[in-house]
Structure formats: C-alpha cells, structure tokens
Amino acid sequence: MLTWASIIQIVVVALILGGLFLLRSRSRGEAWIRVAAGWTVVLGLFVAGVWYYPPGFARWGIAVAMVFVSIVHLRKRRSATSSARAVSFAVPTLCSFAVGSVLLWQGVRGHSQPGGPVIDLASPMALSSNICVLSGGSSFALNQHFLTSAVPGGAFEKHSVDLVKHDRFGNRTRAFSPVPQPENVKTYLAYGEPVTAPCNGYVTAMANDRPDHPAGARFRDRSGSNYVMLRCEGADVVLAHLAQGSVSVRKGEEIAAGAPIGRIGHSGNTEEPHLHINAQTIVPEGEEADPEPVIMTFQGRYLARGDCL
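Counting with my numbering, you get residues 81 to 389 for the letters of the sequence shown.
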C-alpha cells in the first residue's frame, strides 16, 4: 500500500512541475493562483506523504524545482482567453487546493497525540540507531493502521507504529535499488536488527515458527507472524514481524525493559521488513471481547511518520 502511495506522489509531483513549466495562464492573477495550487499540493505531500523512495532529502530537490518552475510560469506570456480554457483552469486548480488542504490538515493533525489511555515505552530497538517511523500517527494519511483497524475486531491496531532503519541519507536499503521495494529482505537495513523489550513485564504469548517471505505485497502471509506479547503496566504490548527462530523468550517469562527478545524478520502480513508495535487493553480470560487500542509514547514522545527514536 505504501509503495503505491510513494509511486503516486512522485507522479503527482511530476505532473505539477510539468504543468507549471509548460502551461500558460490567461492573466497574472491566474498564474499566481495556479502556482499557489501547485504549492498547496506539494507542501501537503511534504508533511503527509510517504518519503522513503525517494527518501526525505528529495523534498529539498523538489522544493528547488518548484521555485524554478513557479518563476518560469509567472514570467510566461499570457495565453488567449476562452470558455474552454477557463474550465480547464478552474477544475484542476480547485481540485489541487482541495487535495493539498486535506493533506496539510492530515499531516499536521497526525503529529498531535490523541486523547485516550496511554502507555509510555522505551525504544523497542534500543540497540540500533537511525530508527524512524514508517507508519504511525493520529491520521489516516500518516498511519495506515487507521484503515486496517476499521475491519471487525481490528480496532486494537489503530494506534500501531511501524519502525524501520535508515542510513544517514534516509535510505532504508543497504544499496541503491532501481525499484521501490526489492524482494530480497536482506537488502533492508531493518532486517536482522535486534528487538528489545520496551517495558518491564512478562510474556503472555509468542510465536517463533513462522517463515520469513520475500518483500512485496504479493508475498504477504496472512496466516500470522512471529511475535511477542508482553503484559506491562496494565496493557498488552505486541511486537510483531520477527524473524523465524529469533525469539529468545518464552510464555510466562518475566522480562525487564531493554532485554533482547528477538530480531526483525519478515513474517506475516507485511510488505517489507520492519518492527510492528501496538498496545492494547487486557481482555480478561474467558471474556468474549475485542481489545481496544492503547496510545503509545516512547520516552514521553508521541511518534508519527517521519519521526525518529
């Protein structure tokens, strides 16, 4: 899902850059409105988009390109006036303002901590550096779990966070890839990284025998992933998509925050190696009820897409 979002946003940016560079407006006022509409979409994508292919620093290049094409567009000679041209200007311009405004709203809102029960956790990847959020936050645009939580019984996932590892340039793979999502899981920096307990507690459930599979949406395995569930401070904390055979704790074992529990793999319903973490309410044994989501902070910080530990 996020790979397609990344591809679509690249296409949208290319269309905006090409449109401003090639088109002519009927008046200076129209030119300024068209430029403003383009910037609204681009800024919306900057704060709510999926910047992992290309990585986040690409936004600087896009900003420079936008300044250049904006100047070119504003300096172009005016075009002839016609009703058809008026419609061709109004419709895409209004749509651009609408889409860009929604993206800006979603991006800003998504970084705000929502109300509700909260558990404060330590980093679940305390032994690693450059750990950033791929999916997380309090809006649909920043957190794909808002969509998956809409299915019956899936509400507990709503405030989940997915963590990946980057290099210093923002790349999540060990070498440049000509495709957004290479199939070889060992290409990803997150693969094999150690996972540590984010809280003091004990293991209530775990799985360690699920196979890792290649990256890509077509290889998703919906039969379940390797995971550890910890009961901490009145909530159950789930850490999932661990590597087969890497889980080093057992059910009932007491564990302290910072203790190793496994390594990131690529098991279960996932498109690429990352650590999934979510907290949920405790359902009493024998009671038929679905757990509810618990909001997580990490060392006092609420994390959304693009934030790093």
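Glycine is no exception: its CB is placed at the ideal position from the N, C-alpha and C atoms. Given the structure is predicted, the values throughout are model-derived calculations rather than measurements.
Counting the other Cβ atoms within 10 Å of the Cβ of Cys175 gives fewer than 16, which makes it exposed. Per DSSP, reduced to three states, the secondary structure at Glu352 is coil, with no helix or strand assignment. For the beta strand (DSSP E) assignment, the uninterrupted runs of no fewer than 3 residues enclosed by the region 321–370 are, from N- to C-terminal side, 340–343 and 355–360. Using a Cβ distance threshold of 9 Å, Ile375 and Ala320 do not count as a contacting pair.
Its Cα nearest to that of Asn280, the residue Ser203 stands out among Lys238, Val127 and Ser203. Between the region 337–357 and the region 259–276, the count of Cβ pairs shorter than 8 Å is three or higher; the stretches touch.
For Ala206, no beta strand (DSSP E) segment is defined, and its DSSP state is neither H nor E.
Taking a C-beta distance under 9 Å as the contact criterion, Ile199 and Ala337 do not qualify as a contact pair.
In its chain, beyond the 5 residues on either side, Leu82, Leu222, Asn223, Gln224, His225, Ser240, Val241, Asp242 and Arg385 have a beta carbon closer than 8 Å to the beta carbon of Ser215. In the DSSP annotation of this structure, Ala285 is not part of any alpha helix (DSSP H); the continuous beta strand (DSSP E) holding it starts and ends at Gly281 to Ala287.
Here Gln324 has Asn288, Asp289, Arg290, Pro291, Asp292, Asn306, Gly345 and Ser347 as same chain residues with Cβ atoms under 8 Å from its own Cβ, once five neighbours each way along the sequence are excluded. For Thr276, there is no enclosing alpha helix (DSSP H); the residue is part of the beta strand (DSSP E) that begins and ends at Pro274 to Thr276.
In the three-state reduction of the DSSP assignment, Val182 falls in the helix class, which pools H, G and I. Just so you know, the alpha carbons of Gly99 and Phe249 end up roughly 30 Å apart.
Shown here for Phe126: same chain residues with a beta carbon closer than 6 Å to its own, the five before and five after excluded, namely Arg139 in chain order.
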